[in-house]
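No gaps in the numbering here: position 267 of the sequence shown is 404 in our numbering, and each next residue is one more. Contents: one structure, followed by commentary.
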Amino acid sequence: MLAKRHFLVGLILLALLGGCVTELPTTPPPTPEAVISPEPLPPPKSTPAASPTATDEAPTPAPPEATPTPSPPPGPSTPAPETARDLALDYLRGGYRLALPANESFAAADLMLEVAGMDVVAAYSSGPFQVFVGRPQPAGPQWLTPVNVRNTQSQANWWGDVYPDGVVTTTIAAGLPAPRSQRVSDWVGRVVKLPPGGPFDDYFEGVQGNRHGIASNTPRVAEILDRLAAYEGRVKIWGELRYGVDDYNARRLLVSRIELLDGELPAAAEETEAAEEAPPDPDVGPTGALFDPLPGAVLSDSVWVRGEAENIFENSVIVQVEDASGVVLGKQPAITDAAEMGQRGWFEVAVDFVNPAGAGSGRVSLYSEDPANGELTLLAWVNVRLAGAGTGGQAQILRPQAQTPIRGAVVVGGTASGLAGDVVLVRVEDLAGSVWGQAQAKILAGGEWEVRVTFRNPPTPRSGRITIYAVGERGAPAAVLATIPVDLAR
Numbered sequence: 138m139l140a141k142r143h144f145l146v147g148l149i150l151l152a153l154l155g156g157c158v159t160e161l162p163t164t165p166p167p168t169p170e171a172v173i174s175p176e177p178l179p180p181p182k183s184t185p186a187a188s189p190t191a192t193d194e195a196p197t198p199a200p201p202e203a204t205p206t207p208s209p210p211p212g213p214s215t216p217a218p219e220t221a222r223d224l225a226l227d228y229l230r231g232g233y234r235l236a237l238p239a240n241e242s243f244a245a246a247d248l249m250l251e252v253a254g255m256d257v258v259a260a261y262s263s264g265p266f267q268v269f270v271g272r273p274q275p276a277g278p279q280w281l282t283p284v285n286v287r288n289t290q291s292q293a294n295w296w297g298d299v300y301p302d303g304v305v306t307t308t309i310a311a312g313l314p315a316p317r318s319q320r321v322s323d324w325v326g327r328v329v330k331l332p333p334g335g336p337f338d339d340y341f342e343g344v345q346g347n348r349h350g351i352a353s354n355t356p357r358v359a360e361i362l363d364r365l366a367a368y369e370g371r372v373k374i375w376g377e378l379r380y381g382v383d384d385y386n387a388r389r390l391l392v393s394r395i396e397l398l399d400g401e402l403p404a405a406a407e408e409t410e411a412a413e414e415a416p417p418d419p420d421v422g423p424t425g426a427l428f429d430p431l432p433g434a435v436l437s438d439s440v441w442v443r444g445e446a447e448n449i450f451e452n453s454v455i456v457q458v459e460d461a462s463g464v465v466l467g468k469q470p471a472i473t474d475a476a477e478m479g480q481r482g483w484f485e486v487a488v489d490f491v492n493p494a495g496a497g498s499g500r501v502s503l504y505s506e507d508p509a510n511g512e513l514t515l516l517a518w519v520n521v522r523l524a525g526a527g528t529g530g531q532a533q534i535l536r537p538q539a540q541t542p543i544r545g546a547v548v549v550g551g552t553a554s555g556l557a558g559d560v561v562l563v564r565v566e567d568l569a570g571s572v573w574g575q576a577q578a579k580i581l582a583g584g585e586w587e588v589r590v591t592f593r594n595p596p597t598p599r600s601g602r603i604t605i606y607a608v609g610e611r612g613a614p615a616a617v618l619a620t621i622p623v624d625l626a627r
């Protein structure tokens, strides 16, 4: 009888407690799908609380909530995994000229592989090629989708990010070939300025619809490109098209000359007054452009410089490495390959320099010399970073010798100071920046180091270099410690 009374009391208490429960959704709000333009998601519907049962008398305590992985906000924020995959593959085909299988041939795969620095949400494979798409990550107001494409046979490896608007950028590119740079002459198109907030600010669109990043190392041309936001007409350009660079569609037009075909740029008032006062000058002065090194390159004590010049005395130029104050750290003359005096010609030269006491900014500058008074005229410059002496170790490549033809594999060795026990990265590269092979070497206590680097032969012979880098995050190259020019044989 007492047990029965206790049972009735329990039922009454449960009924009273059940009437006090507020309405809660039975499932958490759904996470929006990562698509380019998803429909707005309806708010989660509430479900009335279930009637208590006998099993509710002793509920199991819920485990502590884990910290949730941030998800992109609702709306047109990030591409779906398949879309991110296709955008990355198209980017590699156009920017690196890779012969990849068709996008539709990449099937979803259960690849039991952890990808460093990426929370993989989808994986695809086609033959030796694998594609990993990561969970979107916040980058300021935008969410970037990381993608990793690799070739299990050649060990080529590419990392990049896909922006919400479909723009792709490169983080790391190892073992990816790039065709030789292409000379550009009389290309007609228009320069499109992109809205702020993205990785790039403009691109060139040709008459066939092809789009390339665009820049210039020639001050006068760079100024015109900056002012083209107010110009909607066509332009004609000359220069060089480079592949496999971190620019729009992995291509960059380095412009050495530009013409406006549909009117003139609106000039500022002070520019108009100066133009009216200045006497006309029918003579065309010297011009030049630099294509190597790239802006932002980290230099240690040597740099390989490549460019072009026109209308210069005796086809001769001077290349200088300067610090932020203009102090000359190293200089080297060079002769262009122009067939006749005054014609446009190309040049390549290595410039050794002494680092300043502290690391900082600097520039590589191109000059022509006035034969009448010996004054130098600045033709072009590239802003670089200088790894200052004493701020880290130094290294020297002793073998192979400069300009040695290499094929398939090469033993690289030398000495270093201030790096005992450290690991450095040794790469075989071409002058377009493509990495054909790499290996890590450990600096011994006495400063000696040596490593055998196996690399893929390019499809055509070309000039290249062996470069040793300090190792940064995720094994990526950081400061350049030393470099020597070599010939990459087929």
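Cβ coordinates follow ideal geometry from the N, Cα and C atoms, glycine included.
Burial state of residue i (16 or more Cβ within 10 Å)
i: Glu566; result: buried
i: Asn510; result: exposed
i: Val465; result: exposed
i: Glu451; result: exposed
i: Glu369; result: exposed
i: Pro542; result: exposed
i: Ser242; result: exposed
i: Leu625; result: buried
i: Gly346; result: exposed
DSSP bridge partner residues for residue i (one or two, in chain order)
i: Tyr606; result: Leu562 and Val617
i: Gly326; result: Gly343 and Val372
i: Pro275; result: Trp280
i: Ile534; result: Gly551
i: Phe266; result: Ser263 and Asn288
i: Leu625; result: Ile543 and Arg599
i: Asn510; result: Partner(s): none; Asn510 has no beta bridge.
i: Asn294; result: Arg287 and Ala311
i: Val442; result: Val486
i: Asp429; result: Arg443
i: Leu515; result: Tyr504
i: Leu436; result: Leu523
i: Arg388; result: Tyr380
i: Val628; result: Past the edges of the chain, shown from 138 to 627, lies residue 628, and the structure says nothing about it.
Collapsed DSSP secondary structure at residue i in the structure displayed
i: Tyr380; result: strand
i: Ala394; result: According to the sequence shown, residue 394 is Arg rather than Ala. Reduced to three states, the DSSP call for Arg394 is strand.
i: Thr220; result: helix
i: Phe484; result: strand
i: Thr409; result: Only weak support exists for where Thr409 lies, its pLDDT of 43 falling under 50; the value from the coordinates is given anyway. If DSSP states are grouped into helix, strand and coil, Thr409 belongs with the helices.
i: Ala260; result: strand
i: Leu365; result: helix
i: Ser571; result: coil
i: Gly499; result: strand
i: Ser242; result: helix
i: Asn520; result: strand
i: Tyr300; result: coil
i: Val464; result: coil
i: Gly479; result: coil
i: Arg317; result: coil
i: Glu459; result: strand
i: Glu451; result: helix
i: Pro333; result: coil
i: Arg589; result: strand
i: Ala576; result: strand
i: Thr355; result: coil
i: Ala203; result: Below a pLDDT of 50, predicted positions are generally treated as unreliable, and Ala203, at 44, falls in that range; no measurement from the model is reported.
Contacting residues, own chain, Cβ-Cβ under 8 Å from residue i (five flanking each side not counted)
i: Leu229; result: Leu235, Leu237, Val286, Trp295, Leu313 and Ala387
i: Asp302; result: Gly335
i: Ser389; result: The residue asked about is misnamed: residue 389 is Arg in this sequence, not Ser. Counting only Cβ-Cβ distances below 8 Å, and skipping sequence neighbours, we find His349, Gly350, Ile351, Ala352, Leu378, Arg379 and Val382.
i: Gly558; result: Lys579, Ile580 and Ala582
i: Ala293; result: Arg287, Ala311, Gly312 and Leu313
i: Asp418; result: Its pLDDT being 43, under 50, Asp418 is placed unreliably by the model, and the measurement read from it follows with that caveat. Within the same chain, Asp418 has no close Cβ partners at all.
Other residues of its chain near residue i: CB distance less than 7 Å, five sequence neighbours each side excluded
i: Arg500; result: Glu459, Trp518, Val519, Asn520 and Val521
i: Ala461; result: Gly497, Ser498 and Gly499
i: Asp399; result: Gly370 and Arg371
i: Met255; result: Phe269, Gly271, Pro283 and Asn285
i: Ile534; result: Val549, Gly551, Ile603, Ile605, Ala619 and Ile621
i: Ser571; result: Leu313, Pro314, Ala315 and Gly381
Sequence-distant residues of its chain with Cβ nearer than 6 Å to residue i (five each side left out)
i: Val548; result: Arg589
i: Val636; result: A question about residue 636 goes unanswered here, because the residues of the chain that appear run from 138 up to 627.
i: Ala426; result: Asn354, Thr355, Ser393, Gly444, Glu445 and Ala517
i: Thr307; result: Gly297 and Asp383
Contact test: residue i Cβ vs the ligand ZN heavy atom, cutoff 7 Å
i: Tyr228; result: In the structure shown, the ligand ZN is absent, as is every other ligand, since no ligand is present at all.
Are the stretch 258 to 274 and the stretch 335 to 350 in contact at 8 Å, needing three or more beta carbon pairs? no
Within the chosen definition, does the stretch 317 to 325 reach the stretch 357 to 368 through at least 3 CB pairs nearer than 8 Å? No contact exists between the stretch 317 to 325 and the stretch 357 to 368.
Inter-stretch contact (C-beta, 8 Å, three-pair minimum) for the stretch 476 to 495 and the stretch 439 to 447: yes
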